[in-house]
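>
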Amino acid sequence: MRAEIISVGTELLLGQTVDTDAAYLSKLLPQFGIDLHYRVTVGDNESRLAEALQLALTRADIVFTIGGLGPTIDDLTKETVAAVLGDEMALHEESAQRMRSFFAARGIDMPESNLKQAMIPVHGKALHNPLGTAPGAAFESAGKVVIVLPGPPREFIEMVDSQVVEYLRGCVGEIKSVIRSRILRIAGLGESSVAEMVGDLLDGSNPTVAPLASAGEVHLRITAKAESADLADAMIAEMDAKLSAILGDSIFGRDDETLEKVVVQLLTQRKLTLALAESCTGGLISDRITDVSGSSATLMAGFVTYSNSAKKDILGVDEQLIIDNGAVSEQVACAMAECARRVSGTDIAIAVTGIAGPTGGTAEKPVGLVYMALSAAGKTIVFEHRFSGNRLDIKLRASQAALNMLRMHLL
Numbered sequence: 207m208r209a210e211i212i213s214v215g216t217e218l219l220l221g222q223t224v225d226t227d228a229a230y231l232s233k234l235l236p237q238f239g240i241d242l243h244y245r246v247t248v249g250d251n252e253s254r255l256a257e258a259l260q261l262a263l264t265r266a267d268i269v270f271t272i273g274g275l276g277p278t279i280d281d282l283t284k285e286t287v288a289a290v291l292g293d294e295m296a297l298h299e300e301s302a303q304r305m306r307s308f309f310a311a312r313g314i315d316m317p318e319s320n321l322k323q324a325m326i327p328v329h330g331k332a333l334h335n336p337l338g339t340a341p342g343a344a345f346e347s348a349g350k351v352v353i354v355l356p357g358p359p360r361e362f363i364e365m366v367d368s369q370v371v372e373y374l375r376g377c378v379g380e381i382k383s384v385i386r387s388r389i390l391r392i393a394g395l396g397e398s399s400v401a402e403m404v405g406d407l408l409d410g411s412n413p414t415v416a417p418l419a420s421a422g423e424v425h426l427r428i429t430a431k432a433e434s435a436d437l438a439d440a441m442i443a444e445m446d447a448k449l450s451a452i453l454g455d456s457i458f459g460r461d462d463e464t465l466e467k468v469v470v471q472l473l474t475q476r477k478l479t480l481a482l483a484e485s486c487t488g489g490l491i492s493d494r495i496t497d498v499s500g501s502s503a504t505l506m507a508g509f510v511t512y513s514n515s516a517k518k519d520i521l522g523v524d525e526q527l528i529i530d531n532g533a534v535s536e537q538v539a540c541a542m543a544e545c546a547r548r549v550s551g552t553d554i555a556i557a558v559t560g561i562a563g564p565t566g567g568t569a570e571k572p573v574g575l576v577y578m579a580l581s582a583a584g585k586t587i588v589f590e591h592r593f594s595g596n597r598l599d600i601k602l603r604a605s606q607a608a609l610n611m612l613r614m615h616l617l
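Numbering (the working numbering), first residue to last: 207 to 617.
1. Specify, as a first and last residue, the run of the beta strand (DSSP E) that Lys585 falls within.
2. Determine the closest residue to Thr552 out of Ala507, Ala516 and Val366, with distance taken between C-alpha atoms.
3. Tell me the start and end of each unbroken beta strand (DSSP E) in the segment 250-325 that is at least 3 residues and wholly inside, in chain order.
4. Would you kindly work out how many angstroms separate the C-alpha atoms of Asp250 and Thr474, rounded to a whole number?
5. With a CB to CB cut of under 7 Å and the five nearest residues on each side skipped, what residues in its chain are close to Gly618?
6. When the distance is taken between beta carbons, is Glu433 closer than 8 Å to Ser383?
7. Just mark Ser307 as buried or exposed, buried being the case when its beta carbon has 16 or more other beta carbons within 10 Å.
8. Just grab the DSSP bridge partners of Glu423 for me.
9. Which stretch, first to last residue, makes up the beta strand (DSSP E) that contains Lys350?
10. Count the CB pairs spanning the segment 241-256 and the segment 294-311 that are closer than 8 Å, and state whether there are at least three.
11. With C-beta atoms as the reference, is Gly422 less than 8 Å away from Leu617?
12. Check whether the Cβ atoms of Ile268 and Met207 sit closer than 8 Å, and answer yes or no.
13. Going by DSSP, name the residue or residues bridged to Arg386.
14. Can you give the beta carbon distance from Thr286 to Leu261, rounded, assuming they're within the 8 Å contact cut?
15. Helix, strand or coil for Glu570, going by three-state DSSP, please let me know.
16. Using a 10 Å radius around the Cβ and a threshold of 16 neighbouring Cβ atoms, would you call Pro619 buried or exposed?
17. Taking buried to mean at least 16 other C-beta atoms within 10 Å of its own C-beta, is Glu544 buried or exposed?
18. With which residues is Val534 paired in a DSSP beta bridge?
19. Suppose you measure from the CA of Gly560 to the CA of Pro413; what does that come to, to the nearest Å?
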């Protein structure tokens, strides 16, 4: 079964809102053996939405629309779907009553314009929206299925999980094939290096392996299609083993595992404590680590010593060392790590100092130059990096490299 998703909203076209709904649905459909061939975005324009629907119905068996179910004049998704399929709109009394109760429970007089949301195509099945006022709809016409869903992510996810999943089971009947995937997450290597290392494995047809670049890391997506989830998972596991044999410790996690989560797990397993001394990253590494539940057992202190005086007064870095070598130097990075470890009394300390730009660079020390050091019992190591991109890119890449430096030390 082929599917297409049409996301509706001018805010999506303008980049003001990220389309997380379509991404959520895209991950769900393969579980039902549904092949998603197209994702289309249109603005709040009736004629262009009609064009998109007409085209989708020529190349997909099931079409999902997301958004455009509000009470305002530019919310026209259900009306447009009805017109394209030759249907009429009618008030769905159960939805209208739920809407009245929704407003009454909040002590608010319901605007009459909201009744527009309770209108659905005559031959459609209403999909209850327990978290909002706009019901969805699902209906079949000439062998095609159209499912109309709300745009607000909270409402969308609830409707998909509670009703659309069951509806899809009825549509597809016995699942003849499923598509499963897994993401291998890699740090310390560039996309081209990874592609060269895995070589011919990128040319396979089932399972497929596709490299995806991300900030500071590379992802390899393994996708398999089989008669059952167990068979697809077995195919993925076999390919995972082949890739792991080649890439080794460069693979830090799978699917939703983040580098910071892996680092916290390693620190916890080894019962080690950590301190951070950050300059150009401005606390980003601390922020990422504290996003992980349980990090309080490992992260003891985080210092943002952005100025030279803070490096001297808070950490105790020798002022003459900064004068002689500059704040962005191997020597100062090492001193920051050693001082942070001493001040906090931790097992390990990480320090980062660099030039995030766009100003402040010189021919000798350009924008993107970052030194990071790790101090542990008996030794301090330091690395030089030269990152590209804007200020935020450099900060993110530096935080990623620092976390990976710590991970490799803990292995």
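Ideal Cβ positions, reconstructed from N, Cα and C, are used throughout, including at glycine. Predicted model, so just to flag it, every value in this text is computed and none were measured.
Quick look at the numbers:
1. Walking along the sequence shown from the start, residue 585 turns up at place 379. From DSSP, the beta strand (DSSP E) with Lys585 extends over Lys585 to Arg592.
2. Position 346 of the sequence shown, counted from the first residue, corresponds to residue 552. The residue among Ala507, Ala516 and Val366 with its C-alpha nearest the C-alpha of Thr552 is Ala507.
3. 268-272 and 295-297
4. For the purposes of this step, residue 250 is identified with residue 44 of the sequence shown, where counting begins at 1. For the purposes of this step, residue 474 is identified with residue 268 of the sequence shown, where counting begins at 1. Roughly 50 Å between the two C-alpha positions.
5. Summary: the structure shown does not reach residue 618, with the chain confined to residues 207 through 617, and so no result is reported for it.
6. In the sequence shown, the residue the question calls residue 383 occupies position 177. In the sequence shown, the residue the question calls residue 433 occupies position 227. Result yes, Cβ atoms of Ser383 and Glu433 sit closer than 8 Å.
7. For the purposes of this step, residue 307 is taken as the residue at position 101 of the sequence shown. So Ser307 ends up on the exposed side.
8. On the sequence shown, position 217 is the one that residue 423 refers to. Glu423 is bridged to Ser420.
9. Counting from 1 along the sequence shown, the entry for residue 350 is found at position 144. Looking at the DSSP string, the run of the beta strand (DSSP E) that includes Lys350 is Lys350 to Leu355.
10. no
11. Here residue 422 is taken as the residue at index 216 of the sequence shown, counted from 1. Here residue 617 is taken as the residue at index 411 of the sequence shown, counted from 1. The answer is no: Cβ separation not under 8 Å.
12. Along the sequence shown, one-based indexing puts residue 268 at 62. Along the sequence shown, one-based indexing puts residue 207 at 1. Cβ atoms of Ile268 and Met207: closer than 8 Å.
13. Looking up residue 386 in the sequence shown gives position 180. Beta-bridge annotation (DSSP): Arg386 is paired with Ala430.
14. By 1-based counting over the sequence shown, the position of residue 286 is 80. By 1-based counting over the sequence shown, the position of residue 261 is 55. 13 Å between Cβ atoms; not a contact.
15. Your numbering for residue 570 matches position 364 in the sequence shown. Assigned with DSSP and collapsed to three states, Glu570 falls in coil, not helix or strand.
16. Since the first residue of the chain shown is 207 and the last is 617, residue 619 is not available in this structure.
17. One-based indexing of the sequence shown puts residue 544 at position 338. That one is buried.
18. The sequence position of residue 534 within the sequence shown is 328, counting from 1. Looking at the DSSP output, Val534 sits in no beta bridge, so it has no partner there.
19. Residue numbering aside, residue 560 sits at position 354 when the sequence shown is read from its first letter. Residue numbering aside, residue 413 sits at position 207 when the sequence shown is read from its first letter. Those two C-alpha atoms are separated by around 42 Å.
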